[in-house]
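In UniProt numbering, the protein residues as written are 1 to 297.
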């Protein structure tokens, strides 16, 4: 078949992770090249919760559907949770799901001084920072990894919180001064997972991306996104979820945290990986029974 065209955002992180997909496809005999697509999230620096779900993904999907590219690579956590029948997706092997802290002077969250200023625009992270350190001051933050880290190096911020997967993908993992235990600082649903999409009727592209699919990563990410979907919360809501598979059992933990950090609801359920949707639904149902709807407003 002819060389596949992979649609990607233009940031260092996006092109790096799309490059990993390209290289994985090549290892399975499928030649591919990257094609940059500019998204709303790349040109609008307003908080993500203000400019909407799909801010990083819609332009890529439009380019994919129009035939501008054959494949699109997304950070799975950025995709709307409702399935789009125009596309089929797989999840390749997942990177680290955890969040991390990049702080001045090599400090951890517990070591930061009273009233320290931490940059993050994610309500989920803000809520958990407030739960763990009520004295912390948070500041909205957008931009690429280097832009965010520079605000710590310049002294403008005491620390920033980032997805550890992003640092590892661009070779900056040594910058993290603390990598959070996911059972203490709950990750975003599907964090660290990529979604690789093709058009639903493109059998050749689907055969290619299927060669790099990871069934366990797909089961975990699916279960976590079901939690988000059933709670009717968007990707910027203070909802978290993470999963593990051990001894053939899928364990899914979900959390809902009030924006002031005063209320933390958690639920954990297990099942077979093939039952990922049902396990995610059970977690969401228990969170609703605990009062998640009131917390989410």
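We put the CB at the ideal spot given by N, CA and C, even for glycine. Computed from a predicted structure; not experimentally measured.
If residue i and residue j are in contact, beta carbons under 8 Å, what's the gap, nearest whole angstrom?
{"i": "residue 128", "j": "residue 257", "result": "6 Å"}
{"i": "residue 252", "j": "residue 295", "result": "No, residue 252 and residue 295 are not in contact; Cβ-Cβ is about 19 Å, not under 8 Å."}
{"i": "residue 241", "j": "residue 254", "result": "4 Å"}
{"i": "residue 199", "j": "residue 56", "result": "That pair is no contact at about 20 Å."}
{"i": "residue 194", "j": "residue 73", "result": "6 Å"}
{"i": "residue 71", "j": "residue 197", "result": "7 Å"}
{"i": "residue 279", "j": "residue 223", "result": "5 Å"}
Classify residue i: buried if its beta carbon has 16 or more other beta carbons within 10 angstroms, exposed otherwise.
{"i": "residue 96", "result": "buried"}
{"i": "residue 239", "result": "buried"}
{"i": "residue 105", "result": "exposed"}
{"i": "residue 75", "result": "buried"}
{"i": "residue 201", "result": "exposed"}
{"i": "residue 174", "result": "exposed"}
Tell whether a beta-carbon distance below 8 Å holds between residue i and residue j.
{"i": "residue 152", "j": "residue 164", "result": "no"}
{"i": "residue 37", "j": "residue 7", "result": "yes"}
{"i": "residue 108", "j": "residue 177", "result": "yes"}
{"i": "residue 217", "j": "residue 137", "result": "no"}
{"i": "residue 93", "j": "residue 214", "result": "yes"}
{"i": "residue 171", "j": "residue 13", "result": "no"}
{"i": "residue 150", "j": "residue 102", "result": "no"}
Indicate whether at least one CB of chain B lies closer than 8 Å to the CB of residue i.
{"i": "residue 159", "result": "Included in the structure is just one protein chain, with no chain B present."}
Within the same chain, show all residues whose beta-carbon is closer than 8 Å to that of residue i, passing over the 5 residues directly before and after it, in chain order.
{"i": "residue 219", "result": "243, 245, 250, 273, 274, 276"}
{"i": "residue 28", "result": "208, 211, 212"}
{"i": "residue 53", "result": "Confidence in residue 53 is poor, its pLDDT being 47 and thus under 50, which makes the residue's placement unreliable; the coordinate value appears in the next sentence. Excluding sequence neighbours, residue 53 sits near 80, 234, 235, 236."}
{"i": "residue 248", "result": "272, 273"}
Tell me which same chain residues have a C-beta within less than 6 Å of the C-beta of residue i, skipping the five on either side of it?
{"i": "residue 191", "result": "77, 97, 163"}
{"i": "residue 266", "result": "255"}
{"i": "residue 135", "result": "114, 115"}
Keeping to the same chain, check which residues put their C-beta closer than 7 Å to that of residue i; ignore five residues upstream and five downstream.
{"i": "residue 123", "result": "49, 236, 237, 238, 259"}
TODO: Kindly provide the ranges of any beta strand (DSSP E) runs that are 3 or more residues long and lie completely inside the UniProt domain "Porphobilinogen deaminase C-terminal" (219-288), ordered along the chain.
DONE: 239-246, 249-257, 264-271
Task: Uninterrupted beta strand (DSSP E) stretches inside the segment 167-221 (no shorter than 3 residues) - done: 194-199
Task: Length at least 3, wholly inside the segment 55-79: the beta strand (DSSP E) runs in chain order - done: 71-75
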